[in-house]
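S.K.: Numbering-wise (the numbering used here), the sequence shown opens with residue 55 and increments by one.
Using N, Cα and C, we set each Cβ at its ideal position, and we do this for glycine too.
Since this is a predicted model, take the numbers as computed values, not measurements.
Have a look at this one before I ask anything.
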Amino acid sequence: MVERGVLKNYLLNAYTARKLGMKTTGNASRGITGNAGIGHGNLYLEPGEKTPEQIIGSVKDGFFVTELIGTGVNTVTGDYSRGAVGLWIRNGELAFPVSEITIAGTLQEMLMGITEIGNDLEFTSSLSAPTLMIGEMTVAGR
C-alpha cells in the first residue's frame, strides 16, 4: 500500500475495485450481517533492521505501548485517540508500568512520524507489525 512514504495502492474488494476501474486486492470482509466491506486482513508492516531492545535503548524518555484499549480512530479525519497500557522508558531502559494512559495524534502524523521499525515481525493474526517507534504523540494520564 505505502512504499517509502508514497501511496502505491488501496485496499480493494471486488465491488470497490470495479467502481475505481482497478483490480481487487482481495480485502473484502463481512460481519455476521450486511454486505461485504473492505477489510484489512492479511496486512503487515515489513520488518526493519533493529531489535526492540536497540529501539528502546535509543529512547531518553518515552512510553512503550503493550496494549491498546477501546476504539478511537476517525477514518475520515485521521484523528486517533486510544487508551493504552505499557511501560515508561527512562534513559533507554524500561522503568515502570503505566496504565490508564491515553495516546493521541492523527494517523497522518503517526505514519510520517515513524522513526524506527523493529525486526521482530511475528504473524500472530491477520494484521501484524513489528515494534514501531513514533517520534512524537500526545500522552496523557498519570
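Is it buried or exposed, residue 166, if we count other Cβ atoms within 10 angstroms and call 16 or more buried?
M.R.: Classification for residue 166: exposed.
S.K.: For the beta strand (DSSP E) holding residue 71, just list the boundary residues, first then last.
M.R.: Premise fails: residue 71 lies in the alpha helix (DSSP H), 68-74, not in any beta strand (DSSP E).
S.K.: If we count the other Cβ atoms within 10 Å of its Cβ and call it buried at 16 or more, is residue 123 buried or exposed?
M.R.: By the 10 Å Cβ count, residue 123 comes out exposed.
S.K.: Just grab the DSSP bridge partners of residue 136 for me.
M.R.: DSSP lists 157 as partners of residue 136.
S.K.: Suppose you measure from the CA of residue 162 to the CA of residue 55; what does that come to, to the nearest Å?
M.R.: Straight-line Cα distance between these residues: approximately 14 Å.
S.K.: What's the gap between the Cα of residue 107 and the Cα of residue 81?
M.R.: Each residue's alpha carbon lies about 34 Å from the other.
S.K.: So residue 194 packs on residue 156, CB below 8 Å; how close in whole Å?
M.R.: About 5 Å; that satisfies the 8 Å criterion.
S.K.: Helix or strand or just coil, what does DSSP make of residue 190?
M.R.: Of the three classes helix, strand and coil, the one that applies to residue 190 here is coil, per DSSP.
S.K.: Check this for me: beta carbons of residue 109 and residue 159, under 7 Å apart or not?
M.R.: The answer is no: Cβ separation not under 7 Å.
S.K.: Reducing DSSP to helix, strand and coil, say where residue 65 ends up.
M.R.: The answer is coil: DSSP assigns residue 65 none of H, G, I, E or B.
S.K.: Does the Cβ of residue 149 have 16 or more other Cβ atoms within 10 Å, making it buried, or fewer, making it exposed?
M.R.: It counts as exposed.
S.K.: Hey, how far is the Cα of residue 188 from the Cα of residue 60?
M.R.: Cα-Cα distance, rounded: 18 Å.
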